[in-house]
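Here the structure is laid out as structure tokens; the discussion comes afterwards.
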Amino acid sequence: MVLAEMVSKSFGSNEVLKSISLEVKRGEVMCLVGPSGSGKSTFLRCINHLEVVSAGRLSVDGDLVGYREANGKLYELAPREAARQRRDIGMVFQRFNLFPHMTALANIMEAPQRVKGLPKAQVEKSARELLARVGLADRADYYPAHLSGGQQQRVAIARALAMEPKLMLFDEPTSALDPELVGEVLDVMQGLAASGMTMIVVTHEMGFAREVADSLVFMDAGVVVESGHPDAVLSNPQHGRTQAFLSKVL
Ligand code: ADP
Ligand code: MG
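All you need for the numbering used here is the position in the sequence shown, starting with 1, plus 2.
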């Protein structure tokens, strides 16, 4: 589903991603961990068409991200085409980013109605099903300000799912939450993983990584230092930098 082959990304002279190669197969969950500034968000942003890679090849479900290939040459993707590919990717951020002036239900209905132009009754039915799926069937008419952080984040997940993505990206989805609200969001994510969704999750929740992820990637300073099955990486990290990081978060 996601294939990165020697992907690099620079901002000016600052090389933030350095020859990243990794693969996430359909239906797999990858957890991406590493210190602040190591390039995790930038990597997710490249996958989600928010940044264009500087070198290497990055593809989602067989489509090159950011470029189109013709006659052996690469051309930057037209914004329209990038937007079309982006629709199939859901992203959830640390801050919930809900529209504050819309109810939970309206937040979820917005994109399918506007982008896909589906009939309102059909969109509303799906949106209510999604609210039920994230355990918020009784909060449809609440505005974000009247929901807890955990509830807002669950609405944000439902909103991303409303576009029926084939890939979900999570960028520290529980980092801004009070500790007692983290579990309810992780539970929803675990359910999503169990339903077969392909996911890349940037998180410091190692319990989640161990229980849910198929692979764990440790990044530092723009480099993949170590990757493998979560049990292996967590119980027996091979690199000093991984050990040092894990000793802080475990
Ligand atoms: P992480 O998510 O692992 O904390 P980031 O991907 O946010 O790391 O950032 C990695 C590095 O890239 C940081 O040094 C950051 O300052 C830099 N960076 C990120 N986005 C930009 C940008 N738009 N312009 C310039 N530098 C950026
Ligand atoms: Mg980040």
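Note that beta-carbon positions come from the ideal geometry of N, C-alpha and C, so glycine has one too.
Nonlocal neighbours in the same chain, by C-beta distance under 6 Å from residue i, ignoring five residues either side
i	result
V31	A195, M201, V214, A215, D216
A57	S10
V54	G68
L120	P114
M199	M170
Local conformation of residue i per DSSP, three classes
i	result
L52	coil
M104	coil
N16	strand
M111	helix
R28	coil
E166	coil
T205	coil
T176	coil
A142	coil
L252	coil
G1	As shown, the chain starts at 3 and ends at 252. That puts residue 1 outside it, with no answer to give.
L262	The displayed coordinates of the chain run from 3 to 252. Any statement about residue 262 would go beyond what the structure contains.
S23	strand
G39	coil
G119	coil
S10	strand
L149	coil
Whole-Å CB distance - residue i paired with residue j, under 8 Å assumed
i	j	result
T205	V187	No, T205 and V187 are not in contact; Cβ-Cβ is about 10 Å, not under 8 Å.
A1	A113	The structure shown does not extend to residue 1, since the chain is modelled only from 3 through 252, so no value can be given for it.
R141	L149	6 Å
K20	M3	About 23 Å; that fails the 8 Å criterion.
C33	P167	Actually they do not touch by this definition, with Cβ atoms about 18 Å apart.
I110	A129	4 Å
Q154	L100	6 Å
V136	V190	5 Å
Residue i versus the options, residue with shortest Cα-Cα distance
i	options	result
R243	S23, P102, S40	S40
S38	G151, D222, V4	D222
Q192	G29, G14, N16	G29
M8	I110, Q245, S61	S61
G230	D180, N50, A211, A246	A211
P81	G74, R89, K75	R89
A85	I22, I49, R59	I49
Own chain, CB closer than 8 Å to residue i, minus 5 neighbours either side, in chain order
i	result
D173	K42, S43, L46, M93, V94, F95, Q96, V204
H103	Y145
H241	F220, V227, E228
F247	V35, G36, P37, F220, D222
R59	L5, A6, E7, M8, V9, L66
Continuous alpha helix (DSSP H) stretch holding residue i: start and end
i	result
L100	Per DSSP, L100 belongs to no alpha helix (DSSP H) and is neither H nor E.
A196	181-196
G92	Not the alpha helix (DSSP H): G92 falls in the beta strand (DSSP E), residues 91-94.
M208	208-214
A123	122-135
Terminal residues of the beta strand (DSSP E) in which residue i lies
i	result
L34	31-35
E228	225-230
A72	69-72
P83	Checking the sequence, you will find Glu at residue 83 rather than Pro. Not the beta strand (DSSP E): E83 falls in the alpha helix (DSSP H), residues 81-88.
L218	217-222
Close-in-space but distant-in-sequence residues of the same chain around residue i (CB under 7 Å, 5 per side omitted)
i	result
D65	Q87
M208	L236, V251, L252
S12	V18, S56
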